[in-house]
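Chains as they are written, first to last, in our numbering: chain A, 1 to 364; chain B, 1001 to 1364.
The C-beta atom is built at its ideal place from N, Cα and C for all residues, glycine as well.
Quantities reported herein were computed from a predicted structural model and do not represent experimental measurements.
There are 2 protein chains.
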Amino acid sequence: MKLTSTPKKDGYYMPSELAPHKCTYLLWPERPDNWRAGAKPAQAAFKMVVETIAKYEPVVLGVNQSQYLHVLGMNMKNVQVVEISNNDSWIRDSGATMVVDGRGGIRAVDWGFNGYGGMTNGIYYPWDFDDYVGAKMANIEGVDRYVPGDFVLEGGSIHSDGEGTLLVTEETLLDEGRNPGKSKEEIEALLREYTGAKKVLWLPYGVYKDEDTNGHVDNICQFVAPGKVVLAWEDDESDPQHERSVKDLEYLESVTDAKDRKLEIVKIHVPSPITITREEAEGVDSVEGTFPRREGDRLPASYINYYNCNGAIILPVFDDPRDNEAIKTLAGLFPDRVIEPIYAREILLGGGNIHCITQQVPRA
Amino acid sequence: MKLTSTPKKDGYYMPSELAPHKCTYLLWPERPDNWRAGAKPAQAAFKMVVETIAKYEPVVLGVNQSQYLHVLGMNMKNVQVVEISNNDSWIRDSGATMVVDGRGGIRAVDWGFNGYGGMTNGIYYPWDFDDYVGAKMANIEGVDRYVPGDFVLEGGSIHSDGEGTLLVTEETLLDEGRNPGKSKEEIEALLREYTGAKKVLWLPYGVYKDEDTNGHVDNICQFVAPGKVVLAWEDDESDPQHERSVKDLEYLESVTDAKDRKLEIVKIHVPSPITITREEAEGVDSVEGTFPRREGDRLPASYINYYNCNGAIILPVFDDPRDNEAIKTLAGLFPDRVIEPIYAREILLGGGNIHCITQQVPRA
Chain A
1 MKLTSTPKKD
11 GYYMPSELAP
21 HKCTYLLWPE
31 RPDNWRAGAK
41 PAQAAFKMVV
51 ETIAKYEPVV
61 LGVNQSQYLH
71 VLGMNMKNVQ
81 VVEISNNDSW
91 IRDSGATMVV
101 DGRGGIRAVD
111 WGFNGYGGMT
121 NGIYYPWDFD
131 DYVGAKMANI
141 EGVDRYVPGD
151 FVLEGGSIHS
161 DGEGTLLVTE
171 ETLLDEGRNP
181 GKSKEEIEAL
191 LREYTGAKKV
201 LWLPYGVYKD
211 EDTNGHVDNI
221 CQFVAPGKVV
231 LAWEDDESDP
241 QHERSVKDLE
251 YLESVTDAKD
261 RKLEIVKIHV
271 PSPITITREE
281 AEGVDSVEGT
291 FPRREGDRLP
301 ASYINYYNCN
311 GAIILPVFDD
321 PRDNEAIKTL
331 AGLFPDRVIE
341 PIYAREILLG
351 GGNIHCITQQ
361 VPRA
Chain B
1001 MKLTSTPKKD
1011 GYYMPSELAP
1021 HKCTYLLWPE
1031 RPDNWRAGAK
1041 PAQAAFKMVV
1051 ETIAKYEPVV
1061 LGVNQSQYLH
1071 VLGMNMKNVQ
1081 VVEISNNDSW
1091 IRDSGATMVV
1101 DGRGGIRAVD
1111 WGFNGYGGMT
1121 NGIYYPWDFD
1131 DYVGAKMANI
1141 EGVDRYVPGD
1151 FVLEGGSIHS
1161 DGEGTLLVTE
1171 ETLLDEGRNP
1181 GKSKEEIEAL
1191 LREYTGAKKV
1201 LWLPYGVYKD
1211 EDTNGHVDNI
1221 CQFVAPGKVV
1231 LAWEDDESDP
1241 QHERSVKDLE
1251 YLESVTDAKD
1261 RKLEIVKIHV
1271 PSPITITREE
1281 AEGVDSVEGT
1291 FPRREGDRLP
1301 ASYINYYNCN
1311 GAIILPVFDD
1321 PRDNEAIKTL
1331 AGLFPDRVIE
1341 PIYAREILLG
1351 GGNIHCITQQ
1361 VPRA
């Protein structure tokens, strides 16, 4: 059922992604104007992500009718294949954010979705199927849902520590294509109302060249515990990423969280710049109105876009010398979790990474 | 997961529809070449069926993407709206038959479906979405499924007493459009294998003019208890229904069930002949290849096509003098169930009735 109240009013809040999950949702990639070679290389990478997560928790995999029988035929263990019509496969952004009340209650927040900027600077058109994904998740789960009116928000643009602090970036949340009529204060008030957060930390920047999402926070910074974050870093001062990371670091050092703690900040260096090859660019069906994937364009590669599932970290790696550094840092931060590196270039080519294609349902 | 064994081998069987349900599935009607006036009158009737069943048990309502937001907006209580692409809304026939092992196990049988006769005498084309409905039900329920190879069967063509006896009609099961290469013996062997039945009772006939289904058993006869059935009856010897009912009665009187019981047979008289009006016929988009709905055509109206949900009988009625007789007979047979009559002409106009548009998931 659609609720007319708000999570805050009802005592619900967004838990940390590190809290125990009931399951993980993904959507199957398909559109040939974003995924090269008929999406087949991306599908192979998604399948690896699905099957890796399914070792740790149940997976619900939403697919368009057109791919249903193909995906069902894979007979993947611990994977429930359901029909969810979608325009693209970024369920972190199109899906529902689940909120809990800490007493066994769980509900969905079904944000507005407009293809990352609507008719102003959206990256594909139409996005109507994606706008329904949150409602469909809520109904498959059988939970009631909050619908924040015309408030547009992608799940990848928020991170919660589960203790009242929300991480966001100004780049995305104040973008003119999302909620052009709303001030920063109004947006913050809506975030508090629908995530139950008491404090919103506004990082200035996302990752360099993360242009399709306008710099989602989930590629630059995430909580590893309350009071502790990892931050995408670049040592090379001549790389445009450097100044972005420095500015975010300065901001994070200057603030406290909802419980008035200073933040501990762990840097994870980004891989060397990754650009689209000619073969990769040529494999994408060029369509006017869809964000282009051009030869030579730099991709927003970052290790921060990993996914926390029960007992594991599903980590994108890039066949880069920095891979091992990221694996070691995370292994040190999470002694009780298995680090599962997955070669994720094919997901990155579509504009996001492992965190962007996953959406958790917390245990109530 | 797809299973390669059979229910019989694994100790699974089809329970009686009267056994407790977990929930009921329906599909939302939409196609304008079968449902008049853009399916709006049928949708109103379906909504009444959905909301009536939802008073007694949870309902899962499958809808095409095109109607998803409309149906979700109805905010129906105890109704889970999920996406299930479909060609038409006869989930009794396109859906899965659930089987149980009596020890907490539940699995799906995902029969082949070919639009009631495939390219030989099917009533619409294509039927590919409907053929997936069983698999989708199984996956939404999260149960494993048996797939009986190329064996075509509609759920409306079988009734189980839950104690080893199956009711079918020769008209449907031996129809040349279903399983043309298979003998009666082969079909019976497959029925036993996939429903766990020990004895199959072959009624010769379905209801007169039930031409689109070729005479499904669920319109002429169903169990009200093991050893006891209701049979659609017609007193008027000049009505073609009379001889059909007599022949079925003679057959039922001549046989015993799987436990070697003689059957007790309760007659329920059909309503007076119902024919399609000009206005009704004109409201249907005429399309070559879809079963026509023509002015003056007689409809296969019968009270036997009722649905047993937890604690209630959802009974089609027709604003006919016989309605009360059917209500009283069923009330006498089911003192512990509420009889819920629903005016069902708009469902009948599409070719079936309440039993045809419902599919139970038994409690494991």
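Contact belief for residue i with residue j at Cβ below 8 angstroms, rounded distance in angstroms
i	j	result
residue 91(A)	residue 136(A)	Residue 91(A) to residue 136(A), Cβ: 10 angstroms. No contact.
residue 1191(B)	residue 1200(B)	5 angstroms
residue 273(A)	residue 298(A)	5 angstroms
residue 52(A)	residue 340(A)	5 angstroms
residue 300(A)	residue 209(A)	5 angstroms
residue 130(A)	residue 157(A)	Going by Cβ atoms, the distance from residue 130(A) to residue 157(A) rounds to 15 angstroms, so no, they are not a contact pair.
residue 367(A)	residue 187(A)	Nothing about residue 367(A) can be reported from this structure: the residues present for chain A run from 1 to 364 only.
residue 18(A)	residue 308(A)	5 angstroms
Proximity test, Cβ basis, 9 angstroms: residue i and chain B
i	result
residue 94(A)	no
residue 30(A)	no
residue 136(A)	yes
residue 139(A)	yes
residue 311(A)	no
residue 72(A)	yes
residue 119(A)	no
residue 26(A)	no
residue 201(A)	no
residue 124(A)	no
residue 153(A)	no
residue 48(A)	no
residue 146(A)	no
residue 2(A)	yes
Closest by C-alpha distance to residue i, when choosing among the options
i	options	result
residue 1075(B)	2(A), 247(A), 360(A) and 65(A)	2(A)
residue 71(A)	364(A), 57(A), 55(A) and 46(A)	46(A)
residue 1261(B)	1362(B), 1268(B) and 1253(B)	1253(B)
residue 1067(B)	1060(B), 1079(B) and 1043(B)	1043(B)
residue 1226(B)	1258(B), 1196(B) and 1342(B)	1258(B)
residue 37(A)	285(A), 319(A) and 329(A)	285(A)
residue 61(A)	264(A), 80(A), 48(A) and 87(A)	80(A)
residue 1112(B)	1018(B), 1146(B), 1140(B) and 1057(B)	1146(B)
residue 86(A)	309(A), 31(A) and 8(A)	31(A)
residue 348(A)	141(A), 179(A), 276(A) and 362(A)	276(A)
residue 1014(B)	1040(B), 1114(B) and 1167(B)	1167(B)
residue 1249(B)	1263(B), 1073(B) and 1240(B)	1263(B)
residue 1011(B)	1360(B), 1195(B) and 1317(B)	1195(B)
Chain A contact for residue i (CB, 9 angstroms cutoff)
i	result
residue 1077(B)	yes
residue 1361(B)	no
residue 1043(B)	no
residue 1091(B)	no
residue 1160(B)	no
residue 1098(B)	no
residue 1014(B)	no
residue 1082(B)	yes
residue 1142(B)	yes
residue 1067(B)	no
residue 1291(B)	no
residue 1129(B)	yes
residue 1132(B)	yes
residue 1085(B)	yes
Buried versus exposed call for residue i [16 or more other C-beta atoms within 10 Å across all chains shown]
i	result
residue 1176(B)	exposed
residue 235(A)	exposed
residue 1181(B)	exposed
residue 1343(B)	exposed
residue 288(A)	exposed
residue 214(A)	buried
residue 1089(B)	buried
residue 237(A)	exposed
Cβ-heavy atom distance, residue i to the ligand NAD, below 8 angstroms
i	result
residue 323(A)	The ligand NAD is not among the ligands present in this structure, which contains no ligands whatsoever.
Contained beta strand (DSSP E) runs [length at least 3] in the stretch 200-245 of chain A, N- to C-terminal order: Runs of the beta strand (DSSP E) inside the stretch 200-245 of chain A: 221-225 and 228-233.
Contained beta strand (DSSP E) runs [length at least 3] in the stretch 1273-1337 of chain B, N- to C-terminal order: Scanning the stretch 1273-1337 of chain B from its first residue to its last, the whole beta strand (DSSP E) runs of 3-plus residues come out as 1307-1309 and 1312-1317.
Contained alpha helix (DSSP H) runs [length at least 4] in the stretch 109-168 of chain A, N- to C-terminal order: 118-121 and 128-141
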